[in-house]
Amino acid sequence: MLNIGILGVGELTEKVVIGLRRGGFAGRVLLSARNHDRAQQLRAEWACDVMADNQQVVDEADVLFLGVRPDVVEPLSREVRLKPRQTLVSLVAGVKLDALQHHFPQARAVRAMLSYAAQINQSTVVVTPGGEPHEALLGVLGSLIVLEQEDAFELATVAACMNGWFYFFLNDLQRWFVDKGLPHEQAAQLVLGNMQDCLASARHQPLASLEALGNAIATPGTYTAAGLDVLRENGATQAWAQAFDEVLGRLHKGA
40 MLNIGILGVG ELTEKVVIGL RRGGFAGRVL LSARNHDRAQ QLRAEWACDV MADNQQVVDE
100 ADVLFLGVRP DVVEPLSREV RLKPRQTLVS LVAGVKLDAL QHHFPQARAV RAMLSYAAQI
160 NQSTVVVTPG GEPHEALLGV LGSLIVLEQE DAFELATVAA CMNGWFYFFL NDLQRWFVDK
220 GLPHEQAAQL VLGNMQDCLA SARHQPLASL EALGNAIATP GTYTAAGLDV LRENGATQAW
280 AQAFDEVLGR LHKGA
């Protein structure tokens with residue numbers, strides 16, 4: 040049975056651990072002790088082992104998850120020595136495979152991207168390159184997308200940022216309803232319910248383009264079409280594209 044090690048116990052790797060356990064992973068989960076409170080909580084609630092240091096995590100793990108800040112990758116690489124061909128799944132945004140291989144030359148480097156929904160096994164999980172055992176592990180966390188080209192993975196990273204932006208967008212919609220007098224709970228139900236309706240309908244009609252589905256609702260003369268015209272006139276769609284370009288540009292620069 041595989042053992043997994045977590046280098047960098049933070050918000051995202053915590054969600055990975057919880058999702059793996061909820062998905063039936065029964066192997067050992069080895070945590071470094073540096074984020075003491077979070078590590079101890081995972082130990083108590085999700086049957087993890089807190090190790091003395093990062094090297095002990097490496098030594099006893101078959102697969103490693105890297106969840107540190109980008110600026111910590113290089114000093115961490117000087118602290119530990121991986122086993123030959125040990126799988127290192129990096130969750131560090133913007134750090135490319137060649138950089139990972141440079142810092143951890145013994146490793147079999149893999150990049151993965153997922154959301155906090157991993158803890159309930161409903162995240163979109165993107166990985167490059169494919170292979171085992173990491174595909175089987177990550178597939179438990181939600182819907183797995185395997186990309187063999189790293190350029191495509193960078194585009195998928197932009198989509199991961201979109202996941203975070205949606206929360207702010209939905210919050211703005213909810214706040215508008217509340218400001219107009221709707222109770223907070225009902226406003227949340229309206230906003231989240233309509234988002235869910237949109238997703239459910241699109242998934243039910245996979246051969247239809249998203250534009251065609253929208254046009255079927257925003258027909259000329261409808262309230263939907265009138266509101267859409269205002270959004271477009273005020274640059275709402277352009278703002279999304281500009282945000283995408285900003286993130287992609289930073290990724291290409293390694294920022």
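Residue numbers for the sequence shown follow our numbering, so the first one is 40 and each next one is one higher. Positions of the beta carbon are idealized from the N, C-alpha and C atoms, including for glycine. Quantities reported herein were computed from a predicted structural model and do not represent experimental measurements.
Whose CA, out of 241, 227, 204, lies closest to the CA of residue 214?
Within the sequence shown, residue 214 is the residue found at index 175, counting from 1. If we check each option's Cα against that of residue 214, 227 comes out closest.
Any contact between the stretch 257-269 and the stretch 169-179? By contact I mean 3 or more CB pairs, one from each, below 8 Å.
The way I'd put it, the stretch 257-269 doesn't touch the stretch 169-179; fewer than three beta-carbon pairs between them come closer than 8 Å.
Mark residue 78 as exposed unless 16 or more other C-beta atoms lie within 10 angstroms of its C-beta, in which case mark it buried.
Position 39 of the sequence shown holds residue 78. Around the beta-carbon of residue 78, 16 or more other beta-carbon atoms lie within 10 Å, marking it buried.
Within this structure, are the beta carbons of residue 96 and residue 69 separated by less than 8 Å?
For the purposes of this step, residue 96 is identified with residue 57 of the sequence shown, where counting begins at 1. For the purposes of this step, residue 69 is identified with residue 30 of the sequence shown, where counting begins at 1. Yes, these two residues count as a Cβ contact at 8 Å.
Return the CA-CA distance between residue 81 and residue 241, expressed in angstroms with no decimal places.
As a position in the sequence shown, residue 81 is number 42, starting the count at 1. As a position in the sequence shown, residue 241 is number 202, starting the count at 1. Distance between the alpha carbons of residue 81 and residue 241 is about 37 Å.
May I ask you to verify whether the stretch 51-66 touches the stretch 157-172, counting CB pairs closer than 8 Å and requiring at least 3?
The stretch 51-66, when compared against the stretch 157-172, does touch it at the 8 Å Cβ threshold.
With a threshold of 8 Å, are at least 3 pairs of Cβ atoms found where one atom belongs to the stretch 152-159 and the other to the stretch 190-200?
As far as the Cβ criterion goes, the stretch 152-159 touches the stretch 190-200, which means the pair count is three or higher.
Assuming residue 46 and residue 93 make a contact with CB atoms under 8 Å, what is their CB distance in whole Å?
Locating residue 46 in the sequence shown gives position 7, counting from the first residue. Locating residue 93 in the sequence shown gives position 54, counting from the first residue. Right, their Cβ atoms sit about 6 Å apart.
Starting from residue 69 and walking both ways along the beta strand (DSSP E), at which residues does that stretch end?
Taking the first residue of the sequence shown as position 1, residue 69 is located at position 30. 68-70 is the extent of the beta strand (DSSP E) around residue 69.
Here's the rule I'm using: 16 or more other beta-carbon atoms within 10 Å means buried, otherwise exposed. How should residue 247 be labelled?
For this step, residue 247 is matched to residue 208 along the sequence shown. Residue environment analysis places residue 247 among the exposed positions, since fewer than 16 neighbouring C-beta atoms fall within 10 angstroms of its C-beta.
Straight-line Cα distance separating residue 67 from residue 138
On the sequence shown, residue 138 is found 99 positions in, with the first residue counted as 1. On the sequence shown, residue 67 is found 28 positions in, with the first residue counted as 1. Taken atom to atom, the span from the alpha-carbon of residue 138 to that of residue 67 is near 28 Å.
For residue 54, which residues of its own chain have a beta-carbon under 6 Å away from its beta-carbon, when the five flanking residues on both sides are left out?
The count along the sequence shown starts at 1 and reaches residue 54 at position 15. 155, 157, 158, listed in sequence order.
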